[in-house]
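2 protein chains.
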Amino acid sequence: MALPSGPVTTSSEAEAVLFDLVDVYDRAYEAAAAELSLSPAQACVLGRLDERRGMGALAEELGCDASNITQIVVRLEALGLVTREPNPRDRRARLVARTPQGDEINHRFATAFTFARTAVGRLSPDEQDQLTALLRKALG
Amino acid sequence: MALPSGPVTTSSEAEAVLFDLVDVYDRAYEAAAAELSLSPAQACVLGRLDERRGMGALAEELGCDASNITQIVVRLEALGLVTREPNPRDRRARLVARTPQGDEINHRFATAFTFARTAVGRLSPDEQDQLTALLRKALG
DNA sequence: CTTGTTTACTTGAGTGAATCAAGGATCATT
DNA sequence: AATGATCCTTGATTCACTCAAGTAAACAAG
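Chains A and B supply the protein sequences, listed in that same order. The opening residue of the first sequence carries number 1 in the working numbering; numbering runs sequentially from there. The opening residue of the second sequence carries number 141 in the working numbering; numbering runs sequentially from there.
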């Protein structure tokens, strides 16, 4: 989603700021990925491989079709960032794991994606707690 | 972006909540669009046509290539939600405007996309002001 | 053990977003 | 009238995403 999500009509100021936040966050994420020549989806998957895991687990966590994950992982594999090893316990399944290069790129991505860190860093510890509490309440 | 944006590693709780918010927001936007058989990008463009305007203006506001807008608008036109009239003052340009049907769908979208409204509605007026202030500060 | 079912993943087809390069038409300037 | 910039479209390409079908292996009876 390169195009922003909203606003249709923002009735309250809080809604407008919320929208701004989401927009800036998404763009920052995309930009950080682009710096490493990754698509946002690739960066996302790569970031969820701190431990090796199956394709199905990824699909479920990310809430998308398994075939989508297959494609993304195939591309990450072609880039040398990920391997797909057969699962010795279940020969239907395959375990996806980051390569050392994948670790390196993932680390660089984490460094490049400064938005959340920076935004939170603009707040005092007290304010951070307030924000956390407010957002939790807002999320229901 | 159906796949979530983040987290790589969330160092603070505030960052984690921020990520949650963005994720839920994006998914809600997508779901609301899907209810009306629109893509998120289509809903986005449709929502920015309260006044008729040129393709270029849309592209600039949405930060993407003009040819991308062309495609999206062509599809919206095929759905009968939008018209592209020639600009009498400049025959290179075309003015995009919602049709009555487009207005209707846009309104239904605004109704279906309840996330921001609902989230903010969980907070008292005071809390809403606090949230607005905190997010403004965090956004820098 | 073989039959049938479920599970895990891949493949293929199709849609749409997005970008880039190139082109046509029109405007604006000299 | 010629030049160059502007507005938009077209074409080519990549990728994300979904759905329908298919393969292969696990699993559970009979």
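Built from N, CA and C at the ideal position, the CB exists for glycine as well.
Option nearest Leu79/A by Cα separation, candidates Glu61/A, Arg98/A, Thr132/A | Arg98/A
Interface residues of the segment 93-122 of chain A facing chain B [CB-CB below 8 angstroms] = Asn106, Phe109, Ala110, Phe113, Ala116, Arg117, Thr118, Ala119, Val120, Arg122
Compare the C-beta of Thr272/B against all C-beta atoms of chain A and say whether one is closer than 8 angstroms.
-> yes
Three-way DSSP call (helix, strand, coil) for Thr223/B in this model | strand
Local conformation of Asp190/B per DSSP, three classes | coil
Just the chain B side, please: which residues come within less than 7 angstroms of Thr9/A by C-beta, in chain order?
-> Ala250
DSSP three-state assignment for Arg92/A, whether helix, strand or coil = strand
Does the distance from the C-beta atom of Leu161/B to that of Arg192/B stay below 8 angstroms?
-> no
Kindly indicate which three-state DSSP category Ala237/B falls into: helix, strand or coil?
-> strand
Return yes when the Cβ of Arg75/A is within less than 8 angstroms of the Cβ of Gln42/A, no when it is not.
-> yes
Return the chain-ordered list of same chain residues with a C-beta closer than 7 angstroms to the C-beta of Leu221/B, the five sequence neighbours on each side being excluded.
-> Leu186, Arg238, Thr239, Gln241, Gly242, Ile245
Name the residues in the segment 193-223 of chain B whose C-beta lies less than 7 angstroms from a C-beta of chain A; which are they?
-> Leu202, Cys204
Might you give, ordered along the chain, the residues of its own chain that have their beta carbon closer than 6 angstroms to the beta carbon of Gln270/B, omitting 5 neighbours on each side?
-> none
Would DSSP call Leu36/A helix, strand or coil?
-> coil
Any chain A beta carbon closer than 8 angstroms to Leu279/B | yes
Have a look at Ser11/A and Pro144/B and give me their C-alpha separation to the nearest angstrom.
-> 26 angstroms
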